[in-house]
Amino acid sequence: MRVIITGSSGLIGTSLALRLIADGTEVLGVDRSPNPWTDAIPTHIEDLCSTVPPESHPWGRADVVVHLAARAKVHESVERPLNALENYTVTHRVLEFCRANGTPVIYGSSREVYGEQAVVPVAEDTVRLEGAASPYAAAKLADEALIRSFGRCFSLPFIIIRFSNVYGRFDDLERNGRFIPLLCDRVPRGDPMTIFGPSKSFDFTYIDDAVEGVSRAITKLATAPESVSGNAINLGTGNGTSLLEAANLVAKAAGVIPNFTLGTIRVGEISRYVADLTKARTLLGYEPQYPAARGIPLAYQWWRSWHHAEQK
């Protein structure tokens, strides 16, 4: 099997590519930046916002394309809404490649498409346009609609995976600024840190659970597309963890007393989300193995070992 992964230098892309390669799958990564973590992933360096016709892409054939490339900072989409348009443009270009080559696609969407939900856990059919709380979320909704149109108009097999707060190995603080690596960086040093909306509760997903879910989706889409194509599927743990609970888990793993200031929720952010995993279990046989109490200490251990190695 041959799989193309866009966004292969990112958090999910790196771990997914390494997992697939270890399993004997041929992988081509596509990213605008070289992979900062490993040279084991063959990578084509390309800015997918370019205007090069998709049929001229030197990517070659593939059994499945996993499209993960995106500008992923929600708050930056509020500060710079053009990021949302760039994400949509990139998705359109990837779909054009898939259409031209008849290649099934797995799209990396987000729990942001659900907006604020009154009831958790959240099932896949609760998405509403009016729920978009940020330009990032609006672009994800538009991407999902575009993918479904390609499925209907061009019989393109697809799966939409809705990730939720993925964290763990290869989480790049400088490029992505996500919450867990921010904690791992600041909490052990005793740096003052503001937690915006400490009671916000999300389904934090350890990287190995996310990769397992996508790997299962790849196998299904490549071997039995009729059983899964056209579905949006949540990945997560099925449990919520508050920001303050997550911060305290890092502090406990680091053996320090945290220095937190509690702030209010920021514009464009939602306050809670827990994934309903019924479809993931039914369609993919997915079963999460890393609740936050297990995964967050592992993430901290990786962060500490990586940065200690960098300093030598």
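Position one of the sequence shown corresponds to residue -1 (the numbering used here), numbered consecutively onward.
Glycine included, each C-beta is placed from N, C-alpha and C at the ideal position.
Proximity below 8 Å, CB of residue 159 to CB of residue 106
yes
To test your reading of the DSSP string, which unbroken alpha helix (DSSP H) runs of 4 or more residues are found completely within the stretch 105 to 169?
133 to 152
What does DSSP give as the partner residues of residue 231 in its beta bridges?
159
Taking buried to mean at least 16 other C-beta atoms within 10 Å of its own C-beta, is residue 234 buried or exposed?
buried
Please state the DSSP three-state secondary structure of residue 29.
strand
Determine the direct distance from the alpha carbon of residue 56 to that of residue 115, and round the result to whole angstroms.
42 Å
Considering Cα atoms alone, identify which of 84, 236, 31 and 25 is closest to residue 357.
Because the chain spans -1 through 310 in this model, residue 357 falls outside it and cannot be assessed.
Rounded C-alpha distance that separates residue 253 from residue 179:
16 Å
Just to confirm the assignment, what range does the beta strand (DSSP E) spanning residue 261 have?
258 to 261
Span of the alpha helix (DSSP H) holding residue 320?
Nothing can be reported for residue 320, as the shown portion of the chain is limited to -1 through 310.
Endpoints, beta strand (DSSP E) assigned at residue 193
191 to 194
Could you check where the alpha helix (DSSP H) with residue 248 kicks off and where it finishes?
241 to 252
Just to confirm before moving on: does the CB-CB distance between residue 0 and residue 37 stay below 8 Å?
no
Taking Cβ to Cβ, would you say residue 92 is nearer than 8 Å to residue 3?
no
Within the continuous alpha helix (DSSP H) that includes residue 41, where are the two ends?
Unbroken run through residue 41 is the beta strand (DSSP E), 41 to 43; no alpha helix (DSSP H).
Cβ separation of residue 277 and residue 241, assumed to be a contact under 8 Å, to the nearest whole Å
Residue 277 to residue 241, Cβ: 27 Å. No contact.
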